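*Asks:*
Protein chains in written order, with full-length UniProt numbering: chain A, 1 to 202; chain B, 1 to 673.
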């Protein structure tokens, strides 16, 4: 049905230092820099990919994690198609804060049906040996908080990063299809923004 | 009826009674006009219209928007303070502003004249039909009142227009006030008025984001800056981005579906409207001018950095610096050689007083060293047990540890594992938490500290220099980020003066609030230039020359260079943000400094600058003859010393280069009124 490229906006949220920028950079540029600057403000990168025959441009938004910068990042939540809740497996506090991040996102993104919105949870820094959060704990949280898919990632050695983003895309597309079934369709999908000609890809 | 043109009706309610005077005490049946109220989306605007029931409306008394939907009208109420005139129709006058697109592009500053005596007094309350149609962008606030009619309490709403006038009060005898407010929320932003619980401030969403110079006017009622301006580009697209459509609990119990904790909503508003809480003193009343022609931009060149010899030559036997103003000007013009930085930065940042002797500085350092280690000991001696009970300290510490490991790590000084520079950064930031526990550590502060540690190579000196730097930057990092809001507004004001067409373009792309400059402002361009360029840029800015807030002119200089690309390639909101983010490390510091100074020279020579611009840059109020471009003598002999220095540190010796620039270009400055 669609040869058109859809633009999907996903946003990475989580405490400062859990590796949001590193995950994004690993995925988009396939590079890792352990000493990458912490993010000030908001940034985004684009990545083209194909998932189950759908051409998609992912627009990945990365934000500053510190509480103080909430006022800067929250206006950018609107229009997100998917939210990647990120913590670091070697930082229990960042795991405990997942719920707050989810709440903040739902509130400011003005999500109409939070229970249906696609969240994906990422437990990053799998490469670090001193874990503070077990996979079981994390899975349990995901199950209890809306049955979110959970991926343990390592931006450093590229484990599960692409898989997680692809899952995010699948979740969004599945949402769309469900919506499409409700409308008898010869119609063009209007709710999905066509990719803009002037989009600058990285 | 002319004004009842086609358009999408968003809201319609019959059986609304309009009462001409805001005064509820003499509500008599006769004064009430029954009619229907509508909110209509028309062309590029959203209008609120009231149409009386009676058919026989005298067309001569119809006040409505002209065919050009961007025209607005104003009702000006006169004598509303005088009890004797109670119950009379307000003086009405109509003001139509032609906001043609091309005019906006030329972005002239239009005088929003207060019309007095220009309108005709309508024939009193025997005049039954009173139609009004007003653009939502003209609404300033709505107040809930208990209207009293036939001794029944009915809700009444009074809409205040921008300026001091208001619409006839609307009485909802058959209900519907809640529905009206609900509908308004769909197309505009309503927010609580701090001073008056029953009052809601109205602003149209996109206008909230696009700060218009023109309407940054003082509203004494609220102490708020109304910088909201109609934006035809965006409204034409019909996209009212519903950034904040939340209403407060002013109308208690009636807005269930929109209720949110007020402080959260306040935060959201504060975030999205950078200037909402801005200190009124930032934007005093405007001197409105029709147009400021800035004339040509003078070329300037920069000089060689101040050498060690030159620096030493400025010290007397006691180590007291001499000819300070001249020295500062040299630093402004060329920066410092690296060898001088360690000493000179202490003066530039204010750690050492400029007029201190060597002995005085030695004793200062002794006491500051004691003070530093006293504070350092405080966090060093916190036991694990204590830390467990101190979540704030724990959070600061955890974030400092994370950020120190990701600050300038590609710089030789900080690279490698267990680099001693990292320990310095960590300890100084932790000690700063003890120095200012309320602020603690906020991301970005490690960026500000890193060059200072690099230059000082001494923990105590670096700490106190950092403290001085933070005094300038403190507001940026505070809870409400007031410094950021203020700077974004100020930058917008300057940009509006320099390049109104670019401003309009940015507004059309929802980028008029300049959030893409956030990183520049938060950490003074630290991430935009290479490490060594930042040393140069900061020492130049720390001279305080040539004017206050020179860094904002540097922002203008960068934007000036990027403007053509952004506009030609028709960048939208996302692309602008991305483009600006990606300028990082691609900018040339000398070029930007040069351009920034040129812009300052250009502005400083102008007459008829808006007061806001004069305040932001702390320009001297100029004697008439100096700026009178028709006076040849003024052009020939400008007071150069004052040209670079602010009044309090004017230097006696003028800079030859500046003199040449001034005489060459001053005569070219032309003004239109």
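Each residue gets a CB set at the ideal place from its N, CA and C atoms; glycine is no exception. All values derive from a computational prediction rather than experimental measurement.
#1: So, does the CB of residue 42 of chain B fall closer than 8 Å to a CB anywhere in chain A?
#2: State the Cα-Cα distance for the pair residue 146 of chain A and residue 176 of chain A, rounded to the nearest angstrom.
#3: Once the 5 residues before and after residue 237 of chain B are set aside, which same chain residues still bring their CB inside 8 Å of it?
#4: Pull up the distance between the alpha-carbon of residue 194 of chain B and that of residue 200 of chain B, whole angstroms please.
#5: For a contact meaning CB atoms closer than 9 Å, what does residue 64 of chain A contact in chain B?
#6: Assuming residue 145 of chain B and residue 169 of chain B make a contact with CB atoms under 8 Å, what is their CB distance in whole Å?
#7: Sorted by chain position, which residues of the same chain lie with C-beta nearer than 7 Å to residue 409 of chain B's C-beta, five sequence neighbours on each side aside?
#8: Taking only beta-carbon atoms, is residue 518 of chain B less than 8 Å away from chain A?
#9: Pick from A:14, A:82, A:166, A:98: whose alpha carbon is nearest that of residue 144 of chain A?
#10: On the three-state DSSP scale, how would you describe residue 445 of chain B?
#11: Please state if the CB of residue 539 of chain B and the CB of residue 341 of chain B are separated by a distance shorter than 8 Å.
#12: Does the distance from the CB of residue 422 of chain B to the CB of residue 404 of chain B come in under 8 Å?
#13: Short check: CB of residue 375 of chain B to CB of residue 431 of chain B, under 8 Å?
#14: Flag this pair as touching only if the region 82 to 89 of chain A and the region 16 to 27 of chain A have three or more C-beta atom pairs under 8 Å; answer yes or no.
#15: Taking Cβ positions, are residue 328 of chain B and residue 543 of chain B nearer each other than 8 Å?
#16: Looking at the secondary structure, which residues open and close the beta strand (DSSP E) in which residue 45 of chain B lies?
#17: Residues of chain A with a CB under 7 Å from the CB of residue 406 of chain B: which are they?
#18: Which stretch, first to last residue, makes up the beta strand (DSSP E) that contains residue 102 of chain A?
#19: Measure from the alpha carbon of residue 155 of chain A to the alpha carbon of each residue in A:33, A:6, A:4, then state which is nearest.
#20: Within its chain, find whatever has a CB closer than 7 Å to the CB of residue 15 of chain B; leave out the 5 residues flanking it on each side and keep chain order.
#21: Just checking: is the beta-carbon of residue 479 of chain B within a distance shorter than 8 Å of some beta-carbon in chain A?
#22: Relative to the ligand MN, is the shortest distance from any of its heavy atoms to the C-beta of residue 362 of chain B smaller than 7 Å?
#23: Within its chain, find whatever has a CB closer than 6 Å to the CB of residue 47 of chain A; leave out the 5 residues flanking it on each side and keep chain order.
#24: With DSSP collapsed to three states, give me the class of residue 417 of chain B.
#25: Ignore the nearest five residues each way along the sequence and tell me which others in residue 576 of chain B's own chain have a CB closer than 8 Å to its CB.
#26: As a quick exercise: from B:177, B:478, B:420, pick the residue whose alpha carbon is nearest that of residue 438 of chain B.
#27: Which of the three DSSP states is assigned to residue 344 of chain B in this structure?
#28: From the DSSP output, read off the bridge partner residues of residue 676 of chain B.
#29: Can you grab the Cα-Cα spacing for the pair residue 164 of chain B / residue 612 of chain B, in whole Å?
#30: Do the CB positions of residue 161 of chain A and residue 23 of chain A come within less than 8 Å of each other?
#31: Alpha helix (DSSP H) containing residue 570 of chain B: first to last residue?
#32: For residue 55 of chain A, which of A:120, A:31, A:4, A:150 has the nearest alpha-carbon?
#33: Taking buried to mean at least 16 other C-beta atoms within 10 Å of its own C-beta, is residue 417 of chain B buried or exposed?
#34: Do the region 365 to 380 of chain B and the region 449 to 469 of chain B make contact, defined as three or more Cβ pairs closer than 8 Å?
#35: Would you decide whether residue 8 of chain A is buried or exposed? Buried here means 16 or more other CB atoms lie within 10 Å of its CB.
#36: Residue 72 of chain A CB to nearest chain B CB: under 8 Å?
*Replies:* Looking at the atomic coordinates:
#1: no
#2: 19 Å
#3: At residue 237 of chain B, the pLDDT of 34 sits below 50, so the modelled position is not reliable and the matter cannot be decided from this model.
#4: 9 Å
#5: 443, 444
#6: 7 Å
#7: 415
#8: yes
#9: A:98
#10: helix
#11: yes
#12: yes
#13: yes
#14: yes
#15: yes
#16: 45 to 52
#17: 35, 36, 37, 38
#18: Element bounds for residue 102 of chain A: not the beta strand (DSSP E) but the alpha helix (DSSP H), 98 to 109.
#19: A:33
#20: 34, 173, 174
#21: yes
#22: The ligand MN is absent from the structure shown, which contains no ligand whatsoever.
#23: 28, 58
#24: coil
#25: 506, 509, 511, 516, 566
#26: B:478
#27: helix
#28: Because chain B spans 1 through 673 in this model, residue 676 of chain B falls outside it and cannot be assessed.
#29: 22 Å
#30: yes
#31: Note, residue 570 of chain B: premise wrong, no alpha helix (DSSP H); not H, not E.
#32: A:4
#33: exposed
#34: yes
#35: buried
#36: yes
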